[in-house]
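Here's the structure, in structure tokens; my notes come after.
Number of protein chains: 2
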Amino acid sequence: MDLKQQMRLLAERSRDASRALARRATKKKNGDLLEMEDAIERNVATIKKANAKDIEAGRKAGLSSAMLDRLILTDRRIMEMAVGVRDVAALEDPVGKVISEWTRPNGMRIQKVRVPIGVILIIYESRPNVTADAACLCFKTGNAVILRGGSEAIHSNLAIAEAMNVPGLPPNSITVVPTTDRAAIDELLKLDDLINLCIPRGGEGLIRTVAEKSRIPVIKHYKGVCHVYVDRDADFDMAEKIVINAKCQRPGVCNAIETLLIDEKIADKFLPRMAKALTENNVELRGDERTRQLVSNASAATEDDWYAEYLDLILAVRVVKGVGEAVDHITKYGSAHSDAIVTGNKATAEKFLREVDSSSVFWNASTRLADGGQYGFGAEIGISTDKIHARGPMGLEELTSYKFVVVGDGQVRE
Amino acid sequence: MDLKQQMRLLAERSRDASRALARRATKKKNGDLLEMEDAIERNVATIKKANAKDIEAGRKAGLSSAMLDRLILTDRRIMEMAVGVRDVAALEDPVGKVISEWTRPNGMRIQKVRVPIGVILIIYESRPNVTADAACLCFKTGNAVILRGGSEAIHSNLAIAEAMNVPGLPPNSITVVPTTDRAAIDELLKLDDLINLCIPRGGEGLIRTVAEKSRIPVIKHYKGVCHVYVDRDADFDMAEKIVINAKCQRPGVCNAIETLLIDEKIADKFLPRMAKALTENNVELRGDERTRQLVSNASAATEDDWYAEYLDLILAVRVVKGVGEAVDHITKYGSAHSDAIVTGNKATAEKFLREVDSSSVFWNASTRLADGGQYGFGAEIGISTDKIHARGPMGLEELTSYKFVVVGDGQVRE
Chain A
25 MDLKQQMRLL AERSRDASRA LARRATKKKN GDLLEMEDAI ERNVATIKKA
75 NAKDIEAGRK AGLSSAMLDR LILTDRRIME MAVGVRDVAA LEDPVGKVIS
125 EWTRPNGMRI QKVRVPIGVI LIIYESRPNV TADAACLCFK TGNAVILRGG
175 SEAIHSNLAI AEAMNVPGLP PNSITVVPTT DRAAIDELLK LDDLINLCIP
225 RGGEGLIRTV AEKSRIPVIK HYKGVCHVYV DRDADFDMAE KIVINAKCQR
275 PGVCNAIETL LIDEKIADKF LPRMAKALTE NNVELRGDER TRQLVSNASA
325 ATEDDWYAEY LDLILAVRVV KGVGEAVDHI TKYGSAHSDA IVTGNKATAE
375 KFLREVDSSS VFWNASTRLA DGGQYGFGAE IGISTDKIHA RGPMGLEELT
425 SYKFVVVGDG QVRE
Chain B
25 MDLKQQMRLL AERSRDASRA LARRATKKKN GDLLEMEDAI ERNVATIKKA
75 NAKDIEAGRK AGLSSAMLDR LILTDRRIME MAVGVRDVAA LEDPVGKVIS
125 EWTRPNGMRI QKVRVPIGVI LIIYESRPNV TADAACLCFK TGNAVILRGG
175 SEAIHSNLAI AEAMNVPGLP PNSITVVPTT DRAAIDELLK LDDLINLCIP
225 RGGEGLIRTV AEKSRIPVIK HYKGVCHVYV DRDADFDMAE KIVINAKCQR
275 PGVCNAIETL LIDEKIADKF LPRMAKALTE NNVELRGDER TRQLVSNASA
325 ATEDDWYAEY LDLILAVRVV KGVGEAVDHI TKYGSAHSDA IVTGNKATAE
375 KFLREVDSSS VFWNASTRLA DGGQYGFGAE IGISTDKIHA RGPMGLEELT
425 SYKFVVVGDG QVRE
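Protein chains in written order, with our numbering: chain A, 25 to 438; chain B, 25 to 438.
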């Protein structure tokens, strides 16, 4: 059997599993998840042994220490994975939920009901805990999942999935692609008759490649070039707190800000104190001309800086002529991820919230709050930068589709 | 400027239009739609003149009379287009609607609000009235639209779009691709940084090609292999009425049935009368062995018949061992479009409605009712056979995305 046939067989088995999973009752799925938790805990030694193979191979292949650190599974990390699975058992099951219902003049009653999507392919890089996280979210929502992690984590991923496929589950509910051959991805991405959705998680390059090759619908998680705009009517203490949080609390993630926009009306008063606070937090500043007049330690920002996703303690700073120019800047340079305004003026805030076309827009709150957990979704499979199906933080509901259930008493089309 | 640059420029202009349209108030958009209606009515002569060019070219190219009939724009068809545009003005605007809202323990208030998708590319075949229908639905939902119709209708489509781009509209709100060069589609389908969604409408070949080439998310409208299953507990009069309607009322459309499944328990009583009624309605029958024992004029169905979308007065008929086998048949051979059960037994119906994974499932009603108009959506851009973003009949809501609007009073991530 060649790779193409292998991948087709694998996907067919997942499709069969998805049909059984779609009919599985919530209570049963929750019981399964608790068994998965147990199984992970019981298999710590096995998982660590598999992980040691990956670490060994990674060392030989010359992976950086940061990469190796992401790869390593300690007792604690494995226990955290298990707890994560248990937490998903406690979440509400969206499957079967009636989204809306109505009756037509001819008496037929229509319900729009949530159903699983079917088979979901998740392609991701490095960290093996994603295997457990993604698998249990797909399982909870009645979907079969095909997981394709980084080749450097193959043994760890296989061991985690083996533990999670507890007895009694529909066979092949959770499948890790058992080969590191890159061509396997190409073959899988052609199977639009068997796989319903692909979610790539990782760097921009991975996501672009997947989007380009895939015949399966893809939900993309691109970069976050996020902004805070501090308006003339802002409370300065609040603004400073929000900017520091949005930049410094965790600079390496997509909802951290990369550019600070300041209203010209308050630039001379606010910018020096803000720059001081940022500098105290080890943030390197790159400013436009007006910023550099007010902040001595800011270097000159180039056009590229406005587009940059630093993912680091670097911040581009620009002085703008009020909310209109702030919106224009965000529209031109931003990535439509998460953007915030700080202002005490309701009309100004409403203009910003309406006109900035980002997946999350904030008034007087930090962009770092753009997150499934913070929004109360209980779990998050990622933050979509697409506008189709799911936008922004994706929770369990976004892993479902729907169908129309129509009940009549003999209605026909006239 | 080569074709690639031309298409990029065209899409950039649509993107700019989409930004203006997203901010346009509902009242203003409704006024625009009424002006479009007027403009179509005022331009009947111009549109007919353009259409005459297409008809002339079509005759020379040897188009079939059916094709020419689909292409021709009579006064009546143009007036119907205009009325269709007016009807869309009267529909509720989904943009700005709050889908859900909640407050988090930290006090931040979250609203999930409907917003336009952005730029929508619609690729379709033949009938020029689709130009007006699709354009006004996209416009109403604040989206810019790029329309690429069949090359045989290019003059008609350009004339319709020219009439609809009434003064005062954001420039390039409605764009018909001004070339019949097929390579233009390939170029457009690469522009995932400018175009947010592609909806191909037409034959399976067109849709497959688009899905294969596109980097833009695609919502597909594939075929309908629909079924009625008549259960042992069915009311025979109701079953006969539903089957005749589902097969004969308009056999050439996707929600007409192609296969009839009959419970073995009632086959000898029900099938002969059903076959008689179908035959009286000029339906050719192709049956399995049991059917042929009971119905003398049924020919033998082959394996291919169970997969077939006849779109014609032909019906495949199979006797099954109750609802379980009916579900299995539909799962294996169906296209997950629209399927119905006729039964007086609630438990049997519920099993069917739950286990048949089709975009619409009916209990005691005709599959022909799977339609945006029949569901009360007011308008329909198509019937999606995908499970991502939109499934089944797509109305105005399905032409929108959403964003999270978060209001706080200084909240940061802890």
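Note that the Cβ used here is the ideal one computed from N, Cα and C, for glycine as well.
- In the displayed model, residue 101 of chain A falls within a helix according to three-state DSSP.
- Here residue 403 of chain B is not near residue 154 of chain B, since their CB atoms are 7 Å or more apart.
- Under the DSSP assignment, residue 221 of chain B falls outside any alpha helix (DSSP H), being part of the beta strand (DSSP E) whose first and last residues are 221-225.
- Runs of the alpha helix (DSSP H) spanning 4 or more residues and lying entirely within the region 43-72 of chain B occur at 50-66, in chain order.
- In the three-state DSSP reduction, residue 261 of chain A falls in the helix class (H, G or I).
- Contact with chain A is absent for residue 330 of chain B, since none of that chain's Cβ atoms lies less than 7 Å from the residue's Cβ.
- Secondary structure note for residue 432 of chain B: its beta strand (DSSP E) is the uninterrupted segment 424-435.
- Positions of the alpha helix (DSSP H) runs, each at least 4 residues long and wholly inside the region 149-195 of chain B, are given as 153-164 and 178-188 in order along the chain.
- In this model, residue 109 of chain A and residue 330 of chain B are separated by some 42 Å (Cα to Cα).
- Per DSSP, reduced to three states, the secondary structure at residue 38 of chain B is helical.
- Proximity of chain B to residue 388 of chain A at the Cβ level (cut-off 8 Å) is accounted for by 431, 432, 433, 434 and 435, in chain order.
- Against residue 121 of chain B, chain A offers no close residue; the least beta-carbon distance is about 13 Å (beta-carbon pairs closer than 9 Å).
- In chain order, 146 place their CB closer than 6 Å to the CB of residue 158 of chain A, counting only its own chain and leaving out the 5 sequence neighbours on each side.
- Chain order gives the chain B residues near residue 413 of chain A as 412 and 413, where near means a beta carbon separation below 7 Å.
- Among the CB atoms of chain A, none fall inside 7 Å of the CB of residue 197 of chain B.
- Cβ proximity to chain A below 8 Å picks out nothing from the region 324-354 of chain B.
- Relative to residue 213 of chain B, the option among B:34, B:412, B:433 and B:426 whose CA is nearest is B:34.
- Take residue 260 of chain B, set aside five residues on each side of it, and the residues of its chain with a beta-carbon closer than 6 Å to its own are 294, in chain order.
- Close to chain A, meaning a Cβ-Cβ distance shorter than 8 Å, are the following residues of the region 202-221 of chain B: 216, 220 and 221.
- C-alpha of residue 161 of chain B to C-alpha of residue 427 of chain B: approximately 20 Å in a straight line.
- With contacts defined by Cβ atoms closer than 7 Å, residue 218 of chain A and residue 241 of chain A do not form a contacting pair.
- With a threshold of 7 Å between beta carbons, residue 305 of chain B makes no contact with chain A.
- Your pair residue 359 of chain A and residue 245 of chain A does not check out as a contact, with CB atoms roughly 11 Å apart and the cut at 8 Å.
- Among the residues of chain B, those whose CB is under 8 Å from the CB of residue 141 of chain A are 411 and 412, following chain order.
- With respect to chain A, the C-beta atom of residue 68 of chain B has no partner C-beta closer than 7 Å.
- Interface criterion not met: the Cβ of residue 133 of chain B is under 7 Å from no Cβ in chain A.
- In the displayed model, residue 276 of chain B falls within coil according to three-state DSSP, outside both helix and strand.
- Within the region 250-281 of chain A, the residues whose Cβ lies closer than 7 Å to any Cβ of chain B are, in chain order, 262, 265, 266, 269 and 273.
- Residues of chain B whose Cβ lies closer than 7 Å to the Cβ of residue 377 of chain A are, in chain order, 429.
- Excluding sequence positions up to five before and after residue 166 of chain B, its CB lies within less than 6 Å of the CB of 45, 46, 119 and 140, all in the same chain and listed in chain order.
- At a cut-off of 7 Å between beta carbons, residue 308 of chain A makes no contact with chain B.
- For residue 194 of chain A, no chain B residue has a C-beta closer than 9 Å to its own C-beta; the minimum C-beta separation is roughly 14 Å.
- Going by C-alpha positions, residue 336 of chain A is about 31 Å away from residue 369 of chain A.
- Contacts between residue 46 of chain B and chain A, judged by CB atoms closer than 7 Å, involve 381 in chain order.
- For the set B:438, B:418, B:421 and B:399, the Cα lying nearest the Cα of residue 132 of chain A is the one of B:399.
- Around residue 295 of chain A, no beta-carbon contact reaches into chain B at under 8 Å, the shortest distance being about 20 Å.
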